[in-house]
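Be aware that the sequence shown starts at 8, since it is given in our numbering, and climbs by one per residue. For reference, the structure discussed in these notes is given below.
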Amino acid sequence: MTTLGRYPFTTFPSGWFEVCSIADIPVDGVLPAKICGQDVVVYRRSSDGGVVVLDAFCPHFGAHLGHGGFVDGDGIRCPFHHWRFGTDGRCDSVPYRDGPLPSAGVRAWPIAVLSGLVFAHHEPTRADPTWSLETPPELAGDSRWTPLTTYRWDIRMHCQEMIENLADTVHFHCVHETPRIPEAVIDVDGPVYRQTMIGIAEDGTEEYRNEFTAMGLGVLWMLVPSMGIMALTTATPLDHETTRFSTHFSALQDDPSEPSRHNLERFETIAESVPRDIPIWENRRYPARTLLLPEDQNLQVGRRWAAQFYPPAARQSTP
């Protein structure tokens, strides 16, 4: 059964989704990638190093621009007949004819770069984004954050599982064995979902308050003040079957030039909790109508917020 068949809503919602890290893009080269069922290519403009994300297949004979294609100025040339596509996706050069061929082109994806990560905006109608990604103010402008340490999993699940996993505070007690069900204070504002989670540490003696900020269904910031850690977690649908779940950690320290072993151990402690969820995500069938108890009210809030990222026809069947 495909992931699409296990959920009562469409596989690819609108929103911003991580494509890659800037560090993944070869110098003067082209990176093939996938997002929302589409093959894309990522490269950097020669003029200023800006990132470009285009659909991958040349409209001429269908060659994949990410396999043999090459950067030429601010554009990319097809490996087959060397048609060049500019940053707007239009063909601006054919080597064996005069002038551009503007009627031929590939999609140019709206992109954003945040903390060294490249995000592309998916919209089923291909309309321009109506909101932008931002770094939460408490995480911006502080040079003491270390470089990101990344953990990735490719999981058979829908990307909405990320926000549901946060809103479902009951599962933290049952799956992750917190001493009690954490309390949650939730605030939603358009595409932004904020949740303060208040609970008791594993030793049962210390209260913690973790801050979460979701921007659409693909981007989730987490701040753990008690540990001096922040995480940027992303959920990118690759195809109808698989979502790439990535967690990028950083620690607050006086010398951020290199994450210490202590920081890495703290990152690993949090990252090790993810595999507990994976077998559940990969094997569940999402009920069209969920039997919700009063204790599930946070999950209801999360689902109502998530519904805005689907086409109107799909929203009707989104719990």
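Every residue gets a Cβ at the ideal spot worked out from N, C-alpha and C, and that includes glycine. Remember, predicted model here, so these are calculated numbers, not experimental data.
Among the residues of its own chain, which have a CB less than 6 angstroms from the CB of Phe87, if the five just before and after it don't count? Phe68, Ala70
Can you tell me which of the three DSSP states Met8 falls into? Note on Met8: pLDDT 44, under 50, position unreliable in the model; the coordinate value appears next. Coil, per DSSP.
Would you check if the segment 90-108 and the segment 15-35 touch, i.e. whether three or more CB-CB distances between them fall below 8 angstroms? no
CB of His255 within 8 angstroms of CB of Thr176, strictly: no
Cutoff 6 angstroms; reference Trp160; Cβ partners in own chain excluding five residues on either side: Phe252
Does DSSP classify Ala30 as helix, strand or coil? helix
Who are the Cβ neighbours of Pro326 in its own chain at under 6 angstroms, not counting the five residues just before and after it? With a pLDDT of only 44 at Pro326, under the threshold of 50, the placement of this residue in the model should not be trusted, and no figure is reported.
Just tell me which of His165, Gly235, Gln304, Ile193 has its CA closest to the CA of His269. Gly235
DSSP state of Phe274 mapped onto helix, strand, coil: helix
Nearest to Val101 (by Cα), restricted to the options Arg84, Val113, Thr185, Asp95: Arg84
Using beta-carbon positions only, say whether Gly82 and Asp99 come within less than 8 angstroms of one another. yes
Along the chain, where does the alpha helix (DSSP H) that runs through Trp312 open and close? 304-313
So, helix, strand or coil for Val231, using DSSP? strand
Rounded C-alpha distance that separates Ser28 from Leu124: 4 angstroms
Quick test of the definition: if touching needs 3 or more C-beta pairs under 8 angstroms, does the segment 15-26 touch the segment 117-131? yes
Status (buried if at least 16 other CB within 10 Å, exposed otherwise) for Leu300: exposed
Less than 8 angstroms between the C-beta atoms of Leu140 and Phe92, yes or no? no
Starting from Phe179, trace the beta strand (DSSP E) in both directions and tell me its first and last residue. Per DSSP, Phe179 belongs to no beta strand (DSSP E); it is in the alpha helix (DSSP H), 177-181.
Could you check how far apart the C-beta atoms of Glu171 and Leu306 are, in whole angstroms? I think they sit under 8 angstroms. 6 angstroms
Grab me the residues of Asp95's own chain with a C-beta within less than 6 angstroms of its C-beta, minus the 5 sequence neighbours each way, in chain order. Ala115
Looking at the structure shown, is His67 part of a helix, part of a strand, or coil, going by DSSP? coil
Report the three-state DSSP secondary structure of His128 (helix, strand or coil). strand
For the beta strand (DSSP E) holding Arg159, just list the boundary residues, first then last. 156-162
Quick check on DSSP: helix, strand or coil for His255? strand
What span of residues does the beta strand (DSSP E) with Val199 cover, start to end? 199-207
From Leu239, Thr241, Pro198, residue whose alpha carbon lies closest to that of Met222: Pro198
Give the secondary structure of Leu173 by DSSP, where H, G and I count as helix, E and B as strand, and everything else as coil. helix
Taking the alpha carbon of Thr243 as the reference point, which residue from Asp284, Ser257, Leu224 has its own alpha carbon closest? Leu224
Cross-strand partners of Cys98 (DSSP beta bridge): Phe92, Leu108
Is Gln260 near the ligand HEM, judged by its Cβ being under 7 angstroms from some heavy atom? With respect to the ligand HEM, the structure offers nothing, as it holds no ligand at all.
Could you tell me which residues DSSP pairs with Leu121 in its beta bridges? Leu124
Residue of Pro143, Ile207, His165 minimising C-alpha distance to Ala313: His165
Confirm, please, whether the CB-CB distance from Arg187 to Ile205 is below 8 angstroms. no
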